[in-house]
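Heads up, the sequence shown stops at 257 in the working numbering, and the numbers go up one at a time, no gaps.
The beta carbon of each residue, even a glycine, is placed where N, CA and C say it ideally should be.
Notes to accompany the following structure.
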Amino acid sequence: MNASRTSKLISTIQICVSSLLTAFIVIGLYQNWNGGIGTMLADIFPELAIILGTLIPVLVLRIKHRSQVAEGYLLPLFLLFLSLQTIRILPSLTSWAGGGFLSYSRITMLERFFFMSTYVVLLYAAILNMKSMNTVKTGTYVIFSLIAVFVISCIIPTPSSSDQYNKHELIFSLLVMMVLICAVSTYLVSFISDRESYHMKRFLTFLLLSAGDFLIVTLEGNLTGSIIGTCLFVIGAVMLSVVSPKGY
């Protein structure tokens, strides 16, 4: 399967995931309309920004995608993992709706996996962008890397509730930040090496998306951090939506 077909398949999955998550949010808002809607919106808005901020670029990619190399399907995969991170809001939605069938520990484990996978995929895309990796073997590298990330996500102890402090979460966040910095820095090196404007645009786009997402995830519950993170993410999503077809 070539990169274009793989990209369209991943994009289709992304559209379905975003639609389902949006439906969950709308149902949660409707069922809690008469109680604490303001607090609920404050918690949900950053997640909704991520869902829509990944959905719009992926719709654009379905129309503009021209790449026949592995880099072409890594971007939709990056966007898919970004949107999947928002499952962290599901326990709150079910509790607001009067249910409680979702396990916090399991959701946290999956969120960790999606969180780190997002930037592992971005790192591979950045390396491919420099043409310093065999594109034929990239898919294999990505699969094994994602398996390793899943194992790491499973073995890290998980608190039973969001109120419990877990030092392992801090270590995990620092590890994710290192991968994030490596990925974004690689895009910067690409620009420095050839000075082409679209490489600078890629660097700025992924810097804004990554910084915004990282702030939203790691500063969850912090109003200032959520606002700044959401603004950065939305700007990055807009830039990605108008990215030059040269490359992706």
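query, result
"Straight-line gap, residue 96 to residue 25 (C-alpha atoms, nearest Å)", "14 angstroms"
"Limits of the unbroken alpha helix (DSSP H) element including residue 228", "Neither: residue 228 is in no alpha helix (DSSP H) and is coded neither H nor E."
"Residue 202, buried or exposed, once every other Cβ within 10 Å from all chains shown has been counted against 16", "exposed"
"Pair within 9 angstroms by beta-carbon distance, residue 211 and residue 194", "no"
"C-alpha distance - residue 115 paired with residue 165, whole-angstrom precision", "12 angstroms"
"Beta-carbon separation (whole angstroms), residue 84 vs residue 157, contact threshold 8 angstroms", "Actually they do not touch by this definition, with Cβ atoms about 21 angstroms apart."
"Within 9 angstroms, strictly: CB atoms of residue 100 and residue 235", "no"
"Limits of the alpha helix (DSSP H) - the one that residue 165 falls within", "Where residue 165 is concerned, there is no enclosing alpha helix (DSSP H), given that its DSSP letter is neither H nor E."
"Cα-Cα separation between residue 167 and residue 121, rounded to whole angstroms", "10 angstroms"
"C-beta atoms of residue 151 and residue 130 nearer than 9 angstroms", "yes"
"The alpha helix (DSSP H) enclosing residue 98, as first and last residue numbers", "Careful: residue 98 lies outside any alpha helix (DSSP H) and carries neither H nor E."
"Buried or exposed (CB count within 10 angstroms, at least 16 for buried), residue 230", "exposed"
"Whole-number beta carbon distance between residue 163 and residue 118, since they are thought to touch under 8 angstroms", "6 angstroms"
"C-alpha gap between residue 39 and residue 20, whole angstroms", "28 angstroms"
"Beta carbon of residue 224 nearer than 9 angstroms to that of residue 237", "yes"
"With 16 other Cβ atoms within 10 Å as the buried cut-off, status of residue 77", "Its pLDDT being 47, under 50, residue 77 is placed unreliably by the model, and nothing is read from it."
"Test item: CB-CB of residue 86 and residue 59 under 9 angstroms", "no"
"Backbone secondary structure at residue 204 - three-state DSSP", "coil"
"When 36, 70, 67, 153 are compared against residue 98, the one with the closest alpha-carbon", "36"
"Where the alpha helix (DSSP H) through residue 130 begins and ends", "113 to 138"
"Test item: CB-CB of residue 125 and residue 88 under 9 angstroms", "no"
"Three-way DSSP call (helix, strand, coil) for residue 193 in this model", "helix"
"Simplified DSSP assignment, three categories, for residue 251", "coil"
"CA-to-CA distance, residue 204 to residue 222, given in whole angstroms", "27 angstroms"
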